[in-house]
Structure formats: C-alpha cells, structure tokens
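Heads up, the thing below is written out as structure tokens.
There are 2 protein chains.
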Amino acid sequence: MTETASILTRADENLPGSLDRLFDLVRIQSISTDPAYKAECRKAAEWLVAELTSLGFEASVRDTPGHPMVVAHHAAAKAGAPHVLFYGHYDVQPVDPLNLWDTAPFEPSIKELDGGRKVITGRGTADDKGQLMTFVEACRAYKEINGALPCEVTILFEGEEESGSPSLKPFLEANAAELKADYALVCDTSMWDRDTPAISAGLRGLVGEEIVVSAADRDLHSGMFGGAAANPIHILTKILAGLHDETGRVTLDGFYDGVEETPTQIKAAWETLGQTAETFLGEIGLSIPSGEKGRSVLELVWARPTAEVNGIWGGYTGEGFKTVIAAQASAKVSFRLVGAQDPDKIRAAFRAYVTSKIPADCSVEFHKHGGSPAIQLPYDSSLLNTAKSALSDEWPKPAVVIGMGGSIPIVGDFQKMLGMESLLVGFGLSDDRIHSPNEKYELQSFHKGIRSWIRILDALAA
Amino acid sequence: MTETASILTRADENLPGSLDRLFDLVRIQSISTDPAYKAECRKAAEWLVAELTSLGFEASVRDTPGHPMVVAHHAAAKAGAPHVLFYGHYDVQPVDPLNLWDTAPFEPSIKELDGGRKVITGRGTADDKGQLMTFVEACRAYKEINGALPCEVTILFEGEEESGSPSLKPFLEANAAELKADYALVCDTSMWDRDTPAISAGLRGLVGEEIVVSAADRDLHSGMFGGAAANPIHILTKILAGLHDETGRVTLDGFYDGVEETPTQIKAAWETLGQTAETFLGEIGLSIPSGEKGRSVLELVWARPTAEVNGIWGGYTGEGFKTVIAAQASAKVSFRLVGAQDPDKIRAAFRAYVTSKIPADCSVEFHKHGGSPAIQLPYDSSLLNTAKSALSDEWPKPAVVIGMGGSIPIVGDFQKMLGMESLLVGFGLSDDRIHSPNEKYELQSFHKGIRSWIRILDALAA
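So, in structure tokens, the structure goes:
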C-alpha cells in the first residue's frame, strides 16, 4: 500500500465522523446578510477555530468591522514544500421562503434519492460548509496517518461571502505578509456533472444596486388620485423593463465596454460538452434561453454579462386587495460582469439611466451592494495541470476546464493583492439548489471531495 | 326656536357623547380583507346593532358567506313621509405600514393641528366609520327632541366594502322587498373643500386583478443561471410597463370602448372650481399630472379611466442582498372605469394581453378581485336639489355637484336592482389619508355632518 492509498483509506474510514462534524457546522445559522444572525456567524467562526486547533493548526478568530475571519497555519512535513492558502466561507444565504423546505434548513440529514444516490440536506451543505469541510477532513486523514501535512497550509475562512465581502479587501491588505502563499486553493465551485470534476477558469464579476423610487409623500387612494398622481411602481417597472432590448442585450451606456468575444477554440471545447438549452434549462423546468439571442447557454452563463432584478416590492402585497398608490417602490438589481468591464462604470451608467427616467417631481435613492470585476484564470498552467491530473485519478471521467457564472471576488484579490494564482476546484452540482429552499450536497461530493484534496496536496508536494 | 333649530342644538350638546361612541367603533379592528380580523368585523356589526336598537330601531346582524350586514328599520313620524335607505360600511382598510403611523391606528384621539383645526385620528375615522356615525347621531338628536324621525328610515351597513363587496349583490337580491325605499342616501364621499359641501354625481367603476408569473420550478442562483434562465420579474415589469403608452393612455385592446368625452359645460363648471395640477397634486408633494396628457387633473380623476399597479412583489426583499432569480413574481392591478366600460371585457382584455407576453416555457395565474361598472347620477333632480339647498344652509359656501374618482359599487346596484336614485353626500377631505397611515376625520366634518343630515332629513320630509 502506498502512503497516499493509506491516507485515502483513512478518509474512507473517517467518513461517519466527518459527517457528524459537518452536521454540527450546518446547524449553526450563520446567515451573514441578516444582522439578526450576527452571533451565529461568530459561533461558526469559533467552531472552526476549535476544529482546526484540534488538528494541530495554529488557528484564531480575527475580528473585522463585520463578521470575523478564521485564519489558521500548519507547517509542511519537509522544508521546500509548496505553501498553499485554502479559502472557503462559513456564512450562508437566507432561508426564505421557509415553507418550501421539505426539512428544516438548519437540521441537516442524509436523504436517499431515487436511484440510491444519497444527499446531505440543509442550508450551506453545498455553499459552502460542505465544500470547505472536504479540505479540513483531507488534512485530518493526512495528519492521522503521517502526523504531518505534505504542503505548508494556511487556511482563510470568511463570514461575509454571501453579503458582498465588505471586510475582505481591508483584511487581505492588513495581513498580506501572513496570508501570502504560493497558490490559493478555493473550494466554492461545481463539477461539470456527477462523474466529471471541473476546474473553473472564468468567473463573472458582480455589481449590486438597490433602488428606491419615491413619488407622493404618502400612500394614496387610487380612486381619489389615480390617473393624476405619479405611481412609483409604474416608474420602476418602466425603468426595469428598459434594461434589456428586444435581443436580450443590456441597454446601459457603455455596458459592453471591455467585453470580448470568447475565443473560437474555447467555444468549440464547450460545444463538445454536449450541453443544450433543453438539457441545461430542462433541469429547472424551463426550455427557452432568455438572454442575448444567438448564443449557447454555456456562453450565456460563463462568458456574457447580465442584468438581473433579484427582488422587487411596493404597495400592498398582503392577502386580498387594497386600491392604494404607493409612496415608494423598490428593487434589488445585480449585474454579472465579464472580461474587463469596470464595476464602477457600470454602477455609474445604471444610476445615470435610472435618474434620467425619474419625473421631475419624484426622486430616487441608491444603495450600493458590493462590486467586483470578472476574473480570467489561465487555461494552461502547472498548477492547473497538476490538479487536473490528480482529479482525473479520483473521478470516473477526466477533469475539464470550464467557465463559471457566479462571482468569487476573492480570486481577483488574491491575484492583484497577493500575486497568487488561484485553483478553483469544487464538488457542487447544478441541482444543489444553492441559495434556494432544499439545498443539498451529494454524499459522493463530500466523500470524493475529501479524497480529491488528498490527491491534490500530494501531487503539489511531489 | 323652530323645531329644526332645537334638534341642531341637541346635536351640538350631544357632541362629546357622539365622539365617545365613534371612538368605541373605531377601536374595533374591522379589517375586512384580512381573514385574521373576521371576529372583529362581526364585533363591529354587533356594536352597531346594539347602538341602533338603543335608538329605537328594529336592528339585526344578518349573516352572509362573508362578513355580516347590519339592517335596521325605523318608522316615520307621519304617514306619507318619504322612505330613505341609508348606506355606510363598517369595515376598514389594512393599516400597514404600521411604523408610519404617529398614533396607533385603532386608538382614536383628538389632535389639534396648526391653525387650531381639530381632527379625529385613527383607521376608519373618515372611511367610513366617522361618516356613517354622522347619520346615526343625526337620528339620535331627532329622536331625543321629537321622539320620532321625519322620514321612514332603513339602514344598511356593509362589512366588505374594502374587499370588493362580494356578498352585497346576493343580499340585495334576497332582501329586495325589505330594502327598497324612495331614495338611497350614501355617506362615503368627500367635500369639495373645507368650506364647500359636495354632492357626487359621477363614480368610477373598478376591476381588480392579481397576477402571478411563474418561470423556473425553484428560485435560482443568478450567477449559475443568470443570462440563460427566464426571470419572472423581468417578464412582469415588461407587462406592467406596457400597460400605458407614451401619452399615458392604457394600451389594452378596446379599453376605451364606452368612454365618452365629458360634456363641455361640465368641464367648464369644473374649470371654475379653480383646481390646478399644482394645487391638487401640491397637497401630496407632487406637481406633474401623470396620466393622459392634455386633460385637467379633475377630468383625470373624475371622468377618465385608469390602470394602476397597487402592489408588486417577487424575489428577495429583505435586508441586504441575495443574488437570486425568483421562481415567481406577482402584482395587484386595478382599473378605474368610466361611462359604459364593461368590467368583464376589460378583465378579459387584460388577461389576453398578459397571456400574450408570457414565454412558452413560463406560466401565469390570475386571481379576480371584484369588478363594477361606473355610475353616472343625474346632474339635476328633485332629490339632488333638495339636498343641495339643505347643505348650503349648513356650510359657509353653497354645495357643488362634482365627479368622484373612487368606486362605490352599491350605487349601481341600488339603481339597477332596487330602482332607487342615490344621493352621495359625504364630509371627507382630500387630505384625510384614507387607505394610508395617519387617517383622520375633521372634527368639523363630524359635527357639521351630523347637522347636515338633520337638515337633509327635514327638507326631504317637508
């Protein structure tokens, strides 16, 4: 038995205990965007510090103006081994609408699906508690067999990833020397499919804006004032409806500045993945791509920018009917960015557009919710190729390099502020319902995810 | 001292007790649209029956499939006197947003405004509890002085006016013989201004619709699916934004069928009232008319049809940000009708328009919330002229005949089902904030309203 094989076997034997520990972490209600859960966020950070300390890390909770960071260090078995920084986040999305959950979001359980697949249910199981624990449990197996780790490991767990990471940049700046490593490993992404591991090389950026349109100085009776008084919901719907033209393109001035066409050979590689509008959208009960016309669904979600309304509200929304003209109407809008799109310019263009649509006797307020540019990682590097090979040893099919629709702002910061190349490997699946009711993480993802990190650490140290 | 003068004096002396009784009624939280307040609605009905019984009426609570009616009868002092049916409603609008109320909505109080004007604060003080109590207290003064009433009086109080009056028509049909009178008196309207009483002759109709647009079968992560998956908020905002063209006209097919231009002499009479966009909208913090271009504000609210979005919601609306693509988005939409516009045709045209805008892989549900045609009462009749003269005796300025923006469906039913002409007299003011936080009723409206009904009953019996 080779040394790696013993460590993998130990990870298999540890699985029941690994699950118990993950369940403990999922039970902590660390919703970062809602101030009511502040203490729970701290509790999650403290739980992780205790866990890492018990594994021999030098770990601590680090205060920020928002939710705390967790930082931990562990030396390598041999001098000259590479130094990796592993990043994950312990915070989770809100759980509403609660009535759509089949089981309570913070009471994790194992559920057997049709066909015998087992999944771990609960908020944060896939995004990102289950994923970050794959790395922690990989370290555990290593330590238990070898008493050491093959690489020098620094761990950074954040508690604000789901709320725009306001404290992250200042924290990286203030602790650059401590956090700088040779590579960053990030586990917050998905596989291509159940059998095919994936390394993500393109990440869309994000700009979030909340707008509040105000008209009359009070709610009005629509009989008494309707037809004469401005209705802020009408103003808002016209603004939002005007964000896209008939071909699905975003209409903001200069929105496509910095957006380049995806290289033909990359589009061709994506074609071979066999994903169609029917297969991609069929999983969520849809069939017709809704964005820019004439592009494949993979190109739309991996390589094209978007404008999406994430929330809207105004007027009477309770049971029954109320013939009111509201004083205010609000929306939360986000933009996914690609290439060299500038978040600040996009925000300014959006605000200028909205302001131009507000009648002279009405007003609008803007609230900023985070902003980050897109990231493009190399399609070919030693780090990438080492990981590709290690992953291909673990899973039924070889690893693929893909784009990614979501945003992980820290990858850009690692690049710019700490000069580190990041490796984005994750074991989520597209039907994990992250950010939705009934979030789950495949038991296979958790188990083989742990084994994958063992293989990657091993290969990096070789 | 003439007999009428003694009765008016008694009404003045009664005022403190009249206010106590109104306060008791306002304290009952009779929100008809919210099922949670069902018992409170019944309590209001029972309170009114007790009150009317104590005044010598034969009064009873009458069950319906919804909230109960109150019906009461009292004979006239002399045979041959006219028989009037007085209508009001004891139900009130919801009170949200509660945080915008200066005093609790169901704890009425008297407040002195700048300039020494006194107002009665609380939900329902103006719409319609304060108004209906003007008539009850007029009857009290009459009975206390004369031991009798000058006209035969039937009273009908409804408890579903704020939720589309679903039980009203069946109740009128089933009890037509009992409710038929010579005239209907309705007290649910406003004065022209603080000094000028008004009789309303035109009433807009109402069609209410709730729509729910559904796209994916779950909430989605906007990073993973944004740009490819349909966003129901986008679909909804495009639908709602398309309801009006650039000139403010409603775009539905056939929407203006049955809408006639207001006669020139009536528009001219309205011109003399001296109301401008600045004065009318200035009161609510606005200045620019928002509806059809090229029409006066009074024409817009009294004589033109409208489409208004009364509520909209979808996606994440809590604190912070959630990059979600919602599975559903909803809106409540109402149409104010004039002339011979057909509520059923308008509803059908709206549904056809909405359905035509739903992508093939998405769906929409409709929920009906009431529908009633517009009403036009005579601008010249014996009932109208008698009331005009009685009101002009009570108030500083002579009474005017005006249009009205809101809907009082029962007036059409009185006309069609019971063959009765209605007289619409009310003492509200345009700044009463009905349907809004901080609803109030002027103490002067309550006091002189009571005196006005004494004069009108007297004049009708003369």
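As they're listed, the protein sequences go chains D and W.
Using UniProt numbering, you'd call the opening residue of the first sequence number 1 and step up by one each time.
Using UniProt numbering, you'd call the opening residue of the second sequence number 1 and step up by one each time.
Just so it is clear, CB atoms sit at the ideal spot from N, CA and C, and this is done for glycine as well.
Computed from a predicted model, the values in this text were never measured in an experiment.
Using beta-carbon positions only, say whether residue i and residue j come within less than 8 Å of one another.
i, j, result
"residue 198/D", "residue 250/D", "no"
"residue 219/W", "residue 364/W", "no"
"residue 105/D", "residue 123/D", "yes"
"residue 172/D", "residue 71/D", "no"
"residue 189/D", "residue 26/D", "no"
"residue 45/D", "residue 87/D", "no"
"residue 148/D", "residue 77/D", "yes"
"residue 204/D", "residue 223/W", "yes"
"residue 441/W", "residue 130/W", "yes"
"residue 464/D", "residue 183/D", "Residue 464/D falls outside the range modelled here, since chain D spans only 1 to 462, and no answer is possible."
Measure how close the beta-carbons of residue i and residue j come, nearest whole angstrom, since I'm counting them as under 8 Å.
i, j, result
"residue 457/W", "residue 187/W", "Actually they are not in contact, since the Cβ atoms of residue 457/W and residue 187/W sit about 12 Å apart, beyond 8 Å."
"residue 260/W", "residue 339/W", "5 Å"
Measuring only between beta-carbons, confirm whether residue i sits less than 8 Å from chain D.
i, result
"residue 1/W", "A caution first: residue 1/W carries a pLDDT of 44, below 50, which makes its placement in the model unreliable, though a value can still be read off. Residue 1/W does not count as touching chain D."
"residue 93/W", "yes"
"residue 320/W", "yes"
"residue 310/W", "yes"
"residue 377/W", "no"
"residue 101/W", "no"
"residue 324/W", "yes"
"residue 493/W", "Here chain W has residues from 1 to 462 only, and residue 493/W is not among them."
"residue 180/W", "no"
"residue 233/W", "yes"
"residue 245/W", "no"
"residue 4/W", "no"
Does residue i come within less than 8 Å of chain W when only Cβ atoms are used?
i, result
"residue 288/D", "yes"
"residue 67/D", "no"
"residue 445/D", "no"
"residue 426/D", "no"
"residue 453/D", "no"
"residue 223/D", "yes"
"residue 280/D", "yes"
"residue 293/D", "no"
"residue 510/D", "The displayed coordinates of chain D run from 1 to 462. Any statement about residue 510/D would go beyond what the structure contains."
"residue 215/D", "yes"
"residue 358/D", "no"
"residue 230/D", "yes"
Ignore the nearest five residues each way along the sequence and tell me which others in residue i's own chain have a CB closer than 6 Å to its CB.
i, result
"residue 201/W", "377, 379, 401"
"residue 335/D", "207, 307, 346"
"residue 327/D", "216, 218, 219"
"residue 312/D", "331"
"residue 417/D", "172"
Within the continuous beta strand (DSSP E) that includes residue i, where are the two ends?
i, result
"residue 192/D", "Unbroken run through residue 192/D: none, as it is neither H nor E."
"residue 205/W", "205-214"
"residue 69/D", "69-74"
"residue 336/D", "328-337"
"residue 310/W", "306-315"
"residue 59/W", "58-62"
"residue 421/W", "421-426"
"residue 103/D", "Unbroken run through residue 103/D: none, as it is neither H nor E."
Tell me the residue span of the alpha helix (DSSP H) that contains residue i.
i, result
"residue 80/W", "Premise fails: residue 80/W is in no alpha helix (DSSP H) and is neither H nor E."
"residue 134/D", "130-146"
"residue 452/D", "443-461"
"residue 160/D", "Premise fails: residue 160/D is in no alpha helix (DSSP H) and is neither H nor E."
"residue 252/D", "Neither: residue 252/D is in no alpha helix (DSSP H) and is coded neither H nor E."
"residue 43/W", "38-54"
"residue 222/W", "222-225"
"residue 259/W", "That residue, residue 259/W, is in no alpha helix (DSSP H); it is neither H nor E in DSSP."
Who are the Cβ neighbours of residue i in its own chain at under 7 Å, not counting the five residues just before and after it?
i, result
"residue 269/W", "none"
"residue 1/W", "Residue confidence is low: residue 1/W scores 44 on pLDDT, short of 50, so the model does not pin down where it sits. No coordinate-derived value is stated."
"residue 8/D", "451, 454"
"residue 29/D", "37, 40, 106"
Beta-carbon within less than 8 Å of residue i's beta-carbon, same chain only, minus the 5 sequence neighbours each way: which residues are those?
i, result
"residue 384/D", "199, 201, 377, 378, 401, 423"
"residue 4/D", "454, 455, 458"
"residue 352/D", "253"
"residue 108/D", "22, 23, 26, 27, 120, 121, 122, 125"
Taking Cβ-Cβ distances shorter than 8 Å, what residues in chain C pair up with residue i?
i, result
"residue 193/D", "Within the model displayed, chain C is absent; protein chains D and W are what it includes."
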